[in-house]
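Plus 1372 on top of the position in the sequence shown (first one is 1) and you've got the numbering used here.
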Amino acid sequence: MRNYDAVVVGLGAMGCATLFHLARRGLRVLGLEQYDAGHELGSSHGDSRIIRETYFEHPLYVPLVQRAHELWRQLEASSGKSLMRITGGLMIGPPDGMVVTGTLRSAREHKLPHEVLTPAQVHERFPAFEPAAHLVAVLDPRAGYLDPEACNAAHLQDARRAGADARFNEPVLEWIADGDAVTVRTRTGTYVASRLVIAAGAWTQGLARDLRVPLEIERQSVFWFEPDGSTESYESERFPIYAYEYKPGHICYGFPRLPRGVKASIMHSGRIEQAAESVERAVKPDEVNPLRDALRPVLPRLADAPVREDGVCLFTNTPDHDFIIDFHPRYPRVLISSPCSGHGFKFASAIGELQADLLTTGKSRFDLSPFRLDRW
Ligand SMILES: Cc1cc2nc3c(=O)[nH]c(=O)nc-3n(C[C@H](O)[C@H](O)[C@H](O)COP(=O)(O)OP(=O)(O)OC[C@H]3O[C@@H](n4cnc5c(N)ncnc54)[C@H](O)[C@@H]3O)c2cc1C
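If you want it as C-alpha cells, here you go:
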C-alpha cells in the first residue's frame, strides 16, 4: 500500500498533463495507465492535432486555447521536444455557415487577428486549395498543429523529472472514496490518495461508478493521402491546417504533409459504439469515399489521391460537445475529466494546469460552468 497526494487514472493527453502540473507543484502523484505509453486504442494518437485560436464552436474556448498555447511553448522549452508548428488555419464554408460565422464571432469578441479571403485569394496563397465560388475562408494566422505523441511524452518526461510515478500496463479495477482518502486498486497494487483524477477517455463511464455520465463513444476513421504532382503545395509553408463545412453543420479537416502523408478526416461521421473494447479497428477501403466527396469542392486533387495509410481513433462525446471537468457529485475528492467531443487535445496543457488548480485550491481562473456535470 502506498500513499499519494493524488492518483491520476489514464495517461492520455489529459492524464499526462495533469500529472505534470501536480508534480511540478511538489505533490506526490501517481499516474496509472492500462496500456503501453503511446498506445493507439484511445484518443491521443495519430501524429497531429489541430490547434487554432479562433473558435467557431464557441468564443468561451478562446482564453483557454491562449493559455494552452503559452504552456505548449513552455513545455517545448523545458522538455527540449518540438511540439507545435504554426501553419495558419483556413476556416472554410459558406458565408452564412456555422464555421465562418462562428470563427468571425470569436475573432471579433476576442479581437483576434484574422483575414477573410475569397476563393481566388485562397488559391493564390495556398495553391493546393481550389475552393468553389460560393465559399469563403477565414484565415487564423495563429493556428497550426501539435504532435500528440510528443506532447504526451513531454508531459510525462517532465512529470517524472518532477518526481511523479507513472505505471503502464496497470489498469485500475476499482476505487473507493471514504471520508478523507480514496483507495485505488489495480491487479498488482493498492494505492491511497487524497485525490483521484479520472482521465480515462472512452473508458470514463466504467470508472464513474454509480454516476451516469451521458458520454457516447464514436469511432473515427482517419486517412493519410499520397497526392502526386506538385507535392510542394502540400508542405506546411504553403498548406495550412483547415476545417471545411462541406454541408450545414458538417466538417472535414486536415493537415499539411507529415511523414505518413497528408492526413484528413470527417468530424463526427462515425458509428456510436457500446464500448471501446468492441470497436472495429480495421478500416474498410470504402470508408474513405465520404471524405473524398467532402473534400472535392475545396481540395479536388487531394480528394482523388491514393490512400497511403488509415487508422481509427475514438471520440468521447457529450450531448452538447462541451467538456466535462467537475468533481463527482457524491465523492468530492474525485475529479472527472473528459475534455473530448473531438476537440480537446489542443487544450490539454491548460486543462492539466487548471485541473491541478482545482485539486489544490478548489478554484480555477477559467469559467468552468459550461463543463459542469449538473448541466444535464
Ligand atoms: C481522430 C481524432 C482527431 C482529433 N482531432 C483533434 C484536433 O485536431 N484537435 C483537438 O484539439 N482535438 C482533437 N481530437 C480530440 C483529442 O484528441 C481528445 O480530446 C483527447 O485526446 C482526449 O484525451 P484524454 O486524455 O481524455 O483521452 P485518452 O488520450 O484516450 O486517454 C485516456 C487514457 O485512459 C486510459 N484508461 C482508461 N481506463 C483506464 C483504467 N481503468 N486504468 C488505467 N488507465 C485507463 C486509456 O488507456 C487511455 O490511455 C481528436 C480526436 C480523435 C480521435
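Don't be surprised by glycine CBs; every beta carbon is placed ideally from N, CA and C.
Predicted model only: the values in this text are computed from it and were never measured.
Under 8 angstroms, do residue i and residue j count as touching if we go by C-beta distance?
i, j, result
"E1542", "T1558", "yes"
"K1635", "S1451", "no"
"F1738", "L1726", "yes"
"G1474", "F1428", "yes"
"E1607", "A1515", "no"
"V1655", "D1682", "yes"
"P1628", "F1611", "yes"
"C1523", "L1455", "yes"
"A1565", "V1379", "yes"
Can you confirm whether residue i, when its beta carbon is compared against all beta carbons of chain B, has any partner nearer than 8 angstroms?
i, result
"I1723", "Judged by its chain identifiers, the structure shown contains no chain B, having just a single protein chain."
Can you give me the start and stop residues for the beta strand (DSSP E) that residue i sits inside?
i, result
"F1627", "1622-1630"
"N1541", "First-last for N1541: undefined, no H or E at that position."
"C1685", "1679-1689"
"T1558", "1554-1558"
What's the C-alpha gap between residue i and residue j?
i, j, result
"H1693", "P1711", "9 angstroms"
"I1458", "Q1646", "37 angstroms"
"T1732", "A1505", "53 angstroms"
"T1576", "S1741", "20 angstroms"
"V1670", "R1396", "45 angstroms"
"H1441", "E1448", "11 angstroms"
"P1756", "V1472", "With the chain covering only 1373 through 1748, there is no way to say anything about residue 1756."
"P1586", "T1690", "6 angstroms"
"L1436", "D1729", "14 angstroms"
"V1381", "R1581", "14 angstroms"
"R1591", "E1659", "12 angstroms"
"V1508", "P1467", "6 angstroms"
"S1768", "L1476", "Lying before the first or after the last residue shown, residue 1768 is absent from the chain, which here runs from 1373 to 1748."
Keeping to the same chain, check which residues put their C-beta closer than 7 angstroms to that of residue i; ignore five residues upstream and five downstream.
i, result
"D1676", "R1664"
"Y1433", "Y1427"
"L1667", "C1624, A1636, L1674, A1675"
"A1574", "G1414, S1415, I1589, A1648, L1686, T1688"
"R1653", "V1684"
Which stretch, first to last residue, makes up the alpha helix (DSSP H) that contains residue i?
i, result
"W1444", "1434-1451"
Looking only at its own chain, which residues have a Cβ that is under 8 angstroms from the Cβ of residue i, when we skip the five neighbours before and after it?
i, result
"M1470", "F1428, E1617, P1620, G1621"
"P1662", "I1638, S1641"
Leaving out five residues on either side along the sequence, give the residues of the same chain with a beta carbon under 6 angstroms from the beta carbon of residue i.
i, result
"A1531", "L1391, F1392, A1395"
"R1533", "none"
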